Every structure is written in C-alpha cells, then in structure tokens.
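>
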Amino acid sequence: MGAPTCRVCITLALLAAASAMLAWLVPDHWLSFDFLKAQQADLTRRFVEQPWQTAGLYMAVYVLGAVLLIPSAAMLSIAAGAIFGPLWGIPLVLVSATLGATLAFLAARYLGRDLIRERLGDRLDAFNHGIQLEGGFYLFALRLIAICPYVLINPAMGLTPMPLRTFVWVSFVGMIPVMSLYVNAGTRLGQVGSPADLFSAEVLVSFALLGLVPLLARHGFKLWRRRRVDHV
0 MGAPTCRVCI TLALLAAASA MLAWLVPDHW LSFDFLKAQQ ADLTRRFVEQ PWQTAGLYMA
60 VYVLGAVLLI PSAAMLSIAA GAIFGPLWGI PLVLVSATLG ATLAFLAARY LGRDLIRERL
120 GDRLDAFNHG IQLEGGFYLF ALRLIAICPY VLINPAMGLT PMPLRTFVWV SFVGMIPVMS
180 LYVNAGTRLG QVGSPADLFS AEVLVSFALL GLVPLLARHG FKLWRRRRVD HV
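Per numbering that gives the first Met the number 0, the sequence shown starts with residue 0, numbered consecutively.
#1: Are there 16 or more other CB atoms within 10 angstroms of the CB of GLY120, so buried, or fewer, so exposed?
#2: Output the distance between the C-alpha atoms of VAL47 and THR101, rounded to the nearest integer angstrom.
#3: With a threshold of 6 Å on Cβ separation, who are the neighbours of ARG108 within its own chain once the five nearest residues in sequence on each side are excluded?
#4: Kindly list the residues whose CB is nearer than 6 Å to the CB of MET58, restricted to its own chain and excluding five residues on each side of it in sequence; keep chain order.
#5: Ignoring anything shorter than 4 residues, give me the alpha helix (DSSP H) runs that lie fully in the stretch 28–101, in order along the chain.
#6: Identify, in the order they occur along the chain, each residue of the same chain with its Cβ nearer than 6 Å to the Cβ of TYR149, setting aside the five sequence neighbours on each side.
#7: Can you find at least 3 beta carbon pairs, one from the stretch 180–188 and one from the stretch 77–92, that sit closer than 8 Å?
#8: Report the residue from ILE69, GLN38, PHE34 whose alpha carbon sits nearest the alpha carbon of ALA103.
#9: Nearest to ARG164 by alpha carbon, out of GLY134, LEU180, LEU151, LEU141?
#10: Within 10 angstroms of its Cβ, does GLY99 collect 16 or more other Cβ (buried), or is it exposed?
#11: Give me the Cα-Cα distance between ALA54 and PRO90, rounded to the nearest whole angstrom.
#12: Where does ILE130 sit, in a helix, a strand or coil, going by DSSP?
#13: Can you check whether the CB of ILE130 is closer than 9 Å to the CB of MET161?
#14: Can you tell me whether DSSP reads PRO154 as helix, strand or coil?
#15: Can you give me the start and stop residues for the alpha helix (DSSP H) that GLY185 sits inside?
#16: Using CA atoms only, rank isn't needed, just tell me which of LEU138, ALA155, LEU151 is closest to TRP168.
#17: Please state whether DSSP places ASP124 in a helix, a strand or coil.
#18: With 16 as the cutoff for other CB atoms within 10 Å, does ALA125 come out buried or exposed?
#19: Helix, strand or coil for GLY135 per DSSP?
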C-alpha cells in the first residue's frame, strides 16, 4: 500500500470516527433553529448549573463540526449567544472556531489533500491566486465576509503555501467581527420567529463591504511604499 493510499485510508477512518462522535454528542435536529429556540431555557439552565461541562461540550461540538466541514458555524455561534450570553459566548466561539479551523487546515494539508483538492476543483486556483497576491490580507478579507463559508476557507487554505502561524492569528482576528455579530444576534433568539429575523439586510451588506477594507489597505500600502521608493 503506497503512501497516498495509506493517507486516504487514515483520513477516512478519522472522519468516520469524528462523524460518529458528533452524531453521538449531537443528533442532527439539535443543530436546527427550531430546536434551539424551543430548548433555550433548558440549555441556559444547564449552563448555570454546570458551566464548565456545558462550555466544554459546546466547544467539542463546534470543533468537530469544523473538522467535518459541516456548515454549522453560524447556527452554533447564534446558540452561544442564546445559551451563554456575549460575555462567555464570544470567547467560546472565537476559541472553538480558531481551533476547529486550525485542525481543518492541518487535516487538509497533511491528510486529505487529494480529497479536498478534488472537492474544491477550480475554486482552489482562486484561493492560491489570492494568497500569492495579497497573502494574509486575502484571508483576513475572507474572514470578514460573512457570506463566504468557513467550511470552504479552512481546508482551501491548507492547500496553499500560507504558514500555519499566519493562518491561526489572521483567522482569530478576522473572525472577531462576524462571530460577535452572530453571538449578539443569538441573545435576541427569544424575541424572533425565524433565523432571517435575527439580521437585517443592512447589517449583512455592511459586513460584506467590510471585507474590502483589508484589500484596500493592502493596495494603499503598496502605493505608499512605491511612491516613497520613487522619491528616494
């Protein structure tokens, strides 16, 4: 058995184990808006009675979901606001999201490279091109744009030349605004009837535009540096 085949087998085995663990911890319907809204009072009570156990379970679910590339970041971030409140919720989400993203990055780079490359297809070329042109600024912009799914960003970055250290700190900083938005939206869960009621169109558009800021700053810095060199 060659090295690539062995790597694929290991990846599939780890994914199967992680999937089984996530299914055991959280059934599918637990990640729905309706279930969260119905169980908010009970989940909040459990957090008050067992704060560390509840927070630990939440982090395990979030990290497993990120590693398995399940698009659950938004709902889990909303859940953090509904259950933990912003004081606990924002740090929990940021740590969980960064850890999950890092593991997904490493899994794509060292274990599931061929599987991820096949799944992303031509979209991987766009990520590589963006990193070559803008480096960490490109990742920072992607983190700020709430409409770009993190389950796509994390493994894609693992297949680019980006250093792990850069990925971790840029991801953490870049996720602060969006995750804070989701967590704070979750604090209003008891007052709304559907996920769409949590966000206004103006808020989503503003965060999408915010993603342009690091790219514009990058270009501005390049222009300033070029003019400075020309005047030397």
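Just so it is clear, CB atoms sit at the ideal spot from N, CA and C, and this is done for glycine as well. Keep in mind it's a predicted model, so treat the numbers as computed, not measured.
The structure says:
#1: Flag for GLY120 reads exposed.
#2: 30 Å
#3: GLY157
#4: SER95
#5: Complete alpha helix (DSSP H) runs here, min 4: 32–48, 50–66.
#6: ALA72
#7: yes
#8: ILE69
#9: GLY134
#10: buried
#11: 11 Å
#12: helix
#13: Against a cut-off of 9 Å, the Cβ pair of ILE130 and MET161 comes out as a contact.
#14: helix
#15: 163–185
#16: LEU138
#17: helix
#18: Classification of ALA125: exposed, given that the 10 Å Cβ count is below 16.
#19: helix
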